[in-house]
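Data first, discussion second: the structure below is written as structure tokens.
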């Protein structure tokens, strides 16, 4: 899997990551709330609710520079791989990992691609809902990726992260962000139990993430 | 004016130094671990050092410094206010307009001293056009609540706050070129009143003023704070166009408005189920937590000076 051999950040990626984090802090004053876990260089999968393109920028703005350099957001290949510009932004600037949800060839298998990143000691940001949530529901059902990754690499910590307000800052289809205060709540790691069924595990992870929402009644 | 500014800065440094020394002694004597009140006191005093330093720097840049500083304060306050209110996806353009058009335009009006439009731009034009835009989007869900919150947000955090730098546009006979001192007077008296109410409340507070709205406000704190802040105003009359008695009266009105501002802000926070507006200022909360009194005092102070002291 040579095209995914991950080195340390290129200059462009470092500049982009520092710049975007500073911008995110300026616009949203984003603060991490460590509620059950702590910042760590341990290998992790951060899984979060997804409502906006800005989500992973906000999440990575809450990580330290050294954590950010080894943490990659998983993004949809159908969207971000569509044109050369999008691919350049996603891969060369943001160092995202692109996966195709409608994959056909074996080398496109999303799980294999994500595992190859984990096997190089890097961390992932994953949105297990699979798409941006545009419904009135606070959190859509999870797809199986989280379960598959966790059974294959049980030593990797799964950290639920609730991203607050980002759907209001940058709603789907909008380009300019409205400056509103945002928080990212990092919860306690969710570990898969011995012999735990896929469905049960995904529901437990889903509940753990939903429980982090600091203001559930206001999620509108 | 340089003379007056030097005295104000030396006075502020003396007060802050005393506060820091007292807090250090209290902390050294108190049993460990320190009570949350003492930790918070130290945080508040440290934040005051930073705020006074920033204000002083802005002061030395005169009109530029003040206009930019208060535009930024409006930005931070508006961000806190809008975050707390109910917004929907269809409000996006109105919200963008608040930050991208209303703040810059209002402060441009301050800068160019266009008084006629400055006083009506937000209460008339924004008041009518913002709900029109919202209606054009066709989303009527909780419509009145949304447009009311939007209007309140810009009135409080932009319109009221902009009256502070607008003091620079007033032409008081015999006081030309010294209007910066009016800003210093207003801020010192109103913020001083907040601090004095806090001190009197902590030392003597027994009878709650309004337990349903704000458990920390007491009659003892209110009366002690208002009386001492009025005395402070009289003491500072040498930087103003007012006589000592007039200065005390103006300070009294401004600080009473400031108290009401704090009360209204508390009621909004309670209604929205939060304790603080934000976390911008360590120990104090958000920008609105620190400026709620100034917000209510500034327009009234502005119009008192404009009505009685300008030609």
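Residue numbers (my numbering), protein chains in the order written: chain A, 32 to 251; chain B, 1169 to 1479. The beta-carbon is built from N, C-alpha and C at its ideal position, and this holds for glycine as well.
When rounded, the separation of the alpha-carbon atoms in residue 174 of chain A and residue 46 of chain A is 33 Å. In the three-state scheme derived from DSSP, where H, G and I count as helix and E and B as strand, residue 158 of chain A is classed as coil. When the beta-carbon positions are compared, residue 1468 of chain B and residue 1421 of chain B come within less than 9 Å of each other. In this structure, residue 1460 of chain B keeps its C-beta atom at 9 Å or more from the C-beta atom of residue 1441 of chain B. Within the model, the alpha-carbon separation for residue 1194 of chain B versus residue 227 of chain A is close to 56 Å. For the pair residue 104 of chain A and residue 144 of chain A, the CB atoms are not nearer than the 9 Å cut-off.
Per DSSP, residue 201 of chain A lies in no alpha helix (DSSP H) segment and is marked neither H nor E. Around the beta-carbon of residue 1349 of chain B, 16 or more other beta-carbon atoms lie within 10 Å, marking it buried. Residues are counted here when their Cβ sits less than 8 Å from a Cβ of chain B; for the segment 58 to 90 of chain A these are 60, 62, given in chain order. Ranked by how close their Cα comes to the Cα of residue 109 of chain A, the residues A:204, A:178, A:131 have A:131 in first place. CA-CA distance, residue 1404 of chain B to residue 1331 of chain B, rounds to 21 Å. In summary, residue 182 of chain A is exposed, with fewer than 16 beta-carbon neighbours lying within 10 Å of its beta-carbon over all protein chains present.
With 16 or more other CB atoms across the displayed protein chains lying within 10 angstroms of its CB, residue 1234 of chain B is buried. When DSSP states are grouped into helix, strand and coil, residue 128 of chain A belongs to the strand group. Chain order gives the chain A residues near residue 1267 of chain B as 209, 210, where near means a beta carbon separation below 9 Å. For residue 202 of chain A, the C-beta contacts it makes with chain B under 8 Å involve 1257, 1260, in order along the chain. DSSP places residue 192 of chain A in the strand class (E or B) of the three-state scheme.
Buried is the label assigned to residue 1362 of chain B, since at least 16 other Cβ atoms lie within 10 Å of its Cβ.
In this structure residue 233 of chain A does not touch residue 170 of chain A by the C-beta definition: roughly 12 Å separates them, more than the 8 Å allowed. By the 16-neighbour rule on beta-carbons within 10 angstroms, residue 1280 of chain B is exposed. For residue 1263 of chain B against residue 209 of chain A, the beta-carbon gap comes to about 4 Å, under 8 Å, which counts as contact.
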